[in-house]
Structures are given as structure tokens and as C-alpha cells.
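Laid out in C-alpha cells, this is it:
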């Protein structure tokens, strides 16, 4: 490819990176918020995301014939948010809270529990899907309305194409992030979440029940991941019980990139990672003279994770900045 | 009946025994001070009353009812606010948010606003810094904020842990004036202090704590006059 050709596909690459980045950002928020209140890396969060994607498919499976696709999609978001949020709350209640009650200071125990819960949820979803539908390789339906290029009417500026579903990813993500920003910074619950994150025992002295706030944090993070799961499925169409792992670990990388515990950092980290991965996929082959193709774009996320942990473990934005999205 | 009655409490940190049978009483309208050297168990006594630590044995009665099995967030709802050791301001909440979180149990936003204004009236310095993050305040301002925050629930009983620690003398005097003023307005105060001289000056009664046990108690003036108190805690005269 010539330089001119490479440059001509740059705008489209950046746009696609943005879509992926928004999905990472919404999942990264769950990692970072839970880390903020509990100091726990909730590795089961990637499965909460996957459960959202699978729930979305079930909604389409049962309502998808003939109805208004936008209405069904809206319903898919709501049901996925509810199911993912509920599962996240249950995981906290049944797995993490009993460990917290024991008062052990060992951080490895909850971490390994999280990994165990992650496997459990994967295979639970697989079992449910296999018993229910005889398969667990799931496919999002492809509606023509969702694939329509919204930029074609505008004369495709810079040669860009953006399908309706891509526009949905952008709009829904921005809406959710704005909502979260309002919740965290402007509501009583948000203030309590920040107080618990900064000093749990003093928050108790204010009359805050930390258990309730921790549970709400899992609910919020889980719901965001559920919606992100549906967005992911809508764009990338193929979903299995194991689909959570890769996006999940990348969202975790995004959270570390932005400074784990830092809410705006998670959003920035998600967007940066989405762009880097997409740019890598497009340009890696050219930049390395064909030695490393686009398949190495996946490696990029982990390379970044290792580099951050080596050189800037507090993340790009650090932990101690104000919680503004 | 006294407002607060602590009966023979034993509190541990893991295997370490911090309190070895402490009993004390606080009557409504009093300032009672708890003095003693570092590690005597003063803070642990307050923490056991406010629910941050649980006693292994003994009882804490508030208005005659046992509270030592309740979590901290329920004890504060009864009217006991704790100004903790080291202030424990939420560093990344603004001054105003710190006060608002102090009124977490209140659902009447007009009342919250009123109490916030009252706190700003008591500490005009905080009003000037209302949008600043708690972590950026000076030690004295943080102490004012910690007291203002504890007052947001309009408690009956205020537990204060070392409010003078690390403050310039002029600020120490100011904080102690505030404590007396709050007491005159009807707040009952249990004050833990290293600055025994000042504490005994404003208190009605006092208790002396040594390695987890009470060694002396009595009216503040009498305690201040005792040679062994002067020797150990007032620097001798």
C-alpha cells in the first residue's frame, strides 16, 4: 500500500477505533468503580459483560420476528442491563461479601475467587444455552436498518462510512457516560460511593452502610457492562459464553491505563486502547514491512499493559484526581 | 440515668488487648475528658463507643439501651457523632460535599442547607473554601471541617478525638472555644486529649487512662490539682 492509500483509510480506522473504544470504556468503568470501593480486581466482570451480550441475543430471539427493531433493541438494552446488574450484585453478595466478613487482609483470596466466579459464569451460561437451544455459538440478527450507512446521505465526507449500529454505539455510550457522570457527581448515592471509595470506615461514621453502597456499585458497573455487551454483539455479531474474556481483559487494561480507581481515566483509557488496537490492526503490517500482520493488534493491548505496569503503574491519570467523567 | 454508660469493656486489635475493662459515664450536658499518654486506649474507647471497633466483653449503653453490637452507621443515627483521630476528611470531596455527606441520614434538603449554613457560620474559613477539595485544606481547616461535618446530624453526644493535635496554639484556643460554645448550646461532649491541661480546664469531669485501664477519675479541677496528674500529664509545676 502506498502512503496515500494508508492515509485515505485513516479517518475510517479512527472512527472504528472510537466504536471499540466506547465498548471498552463502558466495561472499564465497572472494573475501576469496584476497584475504587473495594480495592478488588473483579475478574468476573468480563463475564457480566458476556451475560449482557447473551441476554441481548435472547431478547432478539424471542421478540425479533416482525417487531420494530429499534424497540426490540431498546428492550434488549434494558433487559441486559437488568440481568447483568443483578448477576453482578449476586456475585458480590454470595462470593465477595462473605470473604470480606471474615476480615482477611489477604488480597489474593478475593482475586482468585473472582477468577473462579469467572469460570463458573462462563460454564453456567454455556450449560443454560446448550440445554435451552442446543448450542452456545450465538449470532446477533442482522437487520438492514442497522446496517444502513448514515453518512451516505451526507456524501460520505472523507470517504467515511458509519452504519446505524455504529451510530447507536456512539450515542448510547455517550448517554450512559453522561448518566454515570451525573450519578457519581451530582447525586447523594454518587457522593456516598466516592466517600466509601476514599475512606470506608469514616463513611460508616457518616451513617453510610458500606455494604449497601458496595452493592449499588456492582449494580451500576454490571448494568453498564450489560449494555456494553449488547453494543458489542450488535457490531461484532458473534457471541459465545467465552466472548467476555478478551474484551474484558482489554477493558481491564484500559482501566489500568487510565489509572485504576479513576473514573474519567477509565473512559480515556478505553478510548485510547480502542484506537491503538484498531490502528494496529490496520497499520501494523505496513509499519513492520509485513513481519507482523493485523493479527498482532491483539497483542498490542497486553504489550501496553506490561509497559504501563513497568513505567507508570499509577496509570496515565493516576489515582488522585477528582472524580469527574 | 446517664446519657452514655460504658460498662467494663475489653477491646482487642487481633491478639493485642487495647482496653482492659474500661467503665465510664457521661451525663447529659457535660464535657467529660479522657486523658492519658500515647497508646493508653483513649482512641480505642471512642472507637468502641461509635462502633468502629467491637468490644469482646462489656457493654455500651446509650440512653439506657445497649449499642455495642450495632454497626457504626446505625449508632450515628441515634445521635452520637464521632470526630475521628486525624480528622479523616474525605480528601477528594469538596468542603461542601464533606458537610453534605455528614448529613447523609437526613432527607430534608432544606434542613441540610440550613445546617450547612450554620457550620459556615461557626467556621467562616470553611465558607471561603466551600468548593475546595478537603485534601487541600490546612490541618486547622480540616479540623474545623471534621467538627462541622459531625455537627451536620445535629448529634446529642459528640465524641472528639484529639481535636488539638498538630495545630498552632492560636487555633487550639479557637477549637477549644468552639467546644465550650457547643456545650453551652446543649451538646454533650466526650473529649479525648493529649493536651491535658486545656482539656481539664474546660471539662466538668475527667478520667485518666493508662495502658488500657482507668487509674483516676473525678471532677476536672480535682484531677488537675492531683500531684500525680500534674507530674505525668501536665508537665509538673
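Protein chains in written order, with full-length UniProt numbering: chain A, 1 to 325; chain B, 1 to 237. Every residue, glycine too, gets a C-beta built ideally from N, C-alpha and C.
Endpoints, the alpha helix (DSSP H) within which residue i is located
i: residue 40 of chain B; result: It is not in any alpha helix (DSSP H) - residue 40 of chain B carries neither H nor E in the DSSP assignment.
i: residue 133 of chain A; result: 108-133
i: residue 101 of chain A; result: 97-101
i: residue 218 of chain A; result: 210-236
i: residue 304 of chain A; result: 297-311
i: residue 45 of chain A; result: 45-63
i: residue 88 of chain B; result: Unbroken run through residue 88 of chain B: none, as it is neither H nor E.
i: residue 228 of chain B; result: 227-233
i: residue 114 of chain B; result: 109-122
i: residue 253 of chain A; result: 245-258
i: residue 76 of chain B; result: No alpha helix (DSSP H) holds residue 76 of chain B; DSSP gives it neither H nor E.
Residue i burial status per 10 Å Cβ neighbour count (16 or more: buried)
i: residue 11 of chain B; result: buried
i: residue 194 of chain A; result: buried
i: residue 66 of chain A; result: exposed
i: residue 302 of chain A; result: exposed
i: residue 311 of chain A; result: exposed
i: residue 119 of chain A; result: exposed
i: residue 68 of chain B; result: buried
i: residue 62 of chain B; result: buried
i: residue 351 of chain A; result: What the structure shows of chain A is the stretch from 1 to 325, and residue 351 of chain A is not part of that stretch, so it cannot be assessed.
i: residue 284 of chain A; result: buried
i: residue 169 of chain B; result: exposed
i: residue 97 of chain B; result: buried
i: residue 212 of chain A; result: exposed
Same chain only: Cβ atoms within 7 Å of residue i, ignoring 5 sequence neighbours per side
i: residue 259 of chain A; result: 265, 314, 315, 316, 317, 318, 319
i: residue 47 of chain B; result: 53
i: residue 242 of chain A; result: 122
i: residue 405 of chain A; result: With chain A represented from 1 up to 325, any question about residue 405 of chain A goes unanswered, as that position is not in the structure.
i: residue 44 of chain B; result: 11, 18, 19, 53
i: residue 227 of chain A; result: 26, 52, 77, 80, 81, 172, 176
i: residue 204 of chain A; result: 210
Other residues of its chain near residue i: CB distance less than 6 Å, five sequence neighbours each side excluded
i: residue 127 of chain B; result: 120
i: residue 270 of chain A; result: 21, 24, 25, 28, 254
i: residue 102 of chain B; result: 149, 152
i: residue 382 of chain A; result: Here chain A covers residues 1 to 325 and nothing more, so residue 382 of chain A does not appear.
i: residue 8 of chain A; result: none
i: residue 16 of chain A; result: 278
i: residue 91 of chain B; result: 134, 135
Residue range of the unbroken beta strand (DSSP E) whose run includes residue i
i: residue 17 of chain B; result: 16-26
i: residue 219 of chain B; result: 213-219
i: residue 161 of chain B; result: 157-161
i: residue 204 of chain B; result: It is not in any beta strand (DSSP E) - residue 204 of chain B carries neither H nor E in the DSSP assignment.
i: residue 81 of chain B; result: 80-83
i: residue 7 of chain B; result: 4-13
i: residue 58 of chain B; result: 57-62
i: residue 150 of chain A; result: Premise fails: residue 150 of chain A is in no beta strand (DSSP E) and is neither H nor E.
i: residue 191 of chain B; result: 188-193
Same chain, Cβ closer than 8 Å to residue i, five either side skipped, listed in chain order
i: residue 248 of chain A; result: 27, 43, 45, 46, 47, 49, 50
i: residue 135 of chain A; result: 129
i: residue 169 of chain A; result: 19, 22, 23, 231, 234, 235
i: residue 39 of chain B; result: 211
i: residue 2 of chain B; result: 25, 26, 27, 28
i: residue 321 of chain A; result: Reliability fails at residue 321 of chain A, whose pLDDT of 44 lies under 50, so the model's placement of it is uncertain and the value that follows must be treated cautiously. For residue 321 of chain A, where only same-chain residues beyond five positions count, the Cβ hits under 8 Å are 259, 262, 264, 265.
Under 9 Å between C-beta atoms of residue i and residue j
i: residue 180 of chain A; j: residue 263 of chain A; result: yes
i: residue 42 of chain B; j: residue 35 of chain B; result: yes
i: residue 278 of chain A; j: residue 251 of chain A; result: no
i: residue 60 of chain A; j: residue 82 of chain A; result: no
i: residue 312 of chain B; j: residue 225 of chain B; result: Any question about residue 312 of chain B goes unanswered here, given that chain B covers just 1 to 237.
i: residue 176 of chain B; j: residue 163 of chain B; result: yes
i: residue 197 of chain A; j: residue 208 of chain A; result: no
i: residue 97 of chain A; j: residue 220 of chain A; result: no
i: residue 60 of chain B; j: residue 4 of chain B; result: yes
i: residue 4 of chain A; j: residue 223 of chain A; result: no
i: residue 157 of chain B; j: residue 109 of chain B; result: no
i: residue 37 of chain A; j: residue 217 of chain A; result: yes
Closer than 8 Å: residue i CB and nearest the ligand NAP heavy atom
i: residue 208 of chain B; result: Judged by which ligands are present, the structure shown has none, so any question about the ligand NAP falls away.
Listed by chain order, chain B residues near residue i by CB distance under 7 Å
i: residue 201 of chain A; result: 52
i: residue 105 of chain A; result: Chain B residues near residue 105 of chain A: none, gap ~10 Å exceeds 7 Å.
Chain A contact residues for residue i, given Cβ-Cβ distances below 7 Å
i: residue 27 of chain B; result: The premise fails here: residue 27 of chain B is roughly 23 Å from chain A at the closest Cβ pair, so nothing lies under 7 Å.
i: residue 105 of chain B; result: 207
i: residue 73 of chain B; result: 204, 207, 208, 209
Contacts of residue i in chain A (Cβ-Cβ under 8 Å)
i: residue 118 of chain B; result: Ordered by position in chain A, no residue passes the 8 Å Cβ test against residue 118 of chain B, which lies about 17 Å from the chain.
i: residue 84 of chain B; result: 202, 205
i: residue 129 of chain B; result: What residue 129 of chain B touches in chain A: nothing, since even the nearest Cβ is about 15 Å away.
i: residue 55 of chain B; result: Under the 8 Å cutoff, chain A gives no residues; its nearest Cβ is about 16 Å from residue 55 of chain B.
Chain-ordered neighbours of residue i on chain A, where CB pairs are closer than 9 Å
i: residue 153 of chain B; result: 206, 207
i: residue 18 of chain B; result: None at all; the shortest Cβ gap to chain A is about 16 Å.
Contact list for residue i against chain B, beta-carbon separation under 9 Å
i: residue 194 of chain A; result: 90, 92, 93, 97, 101
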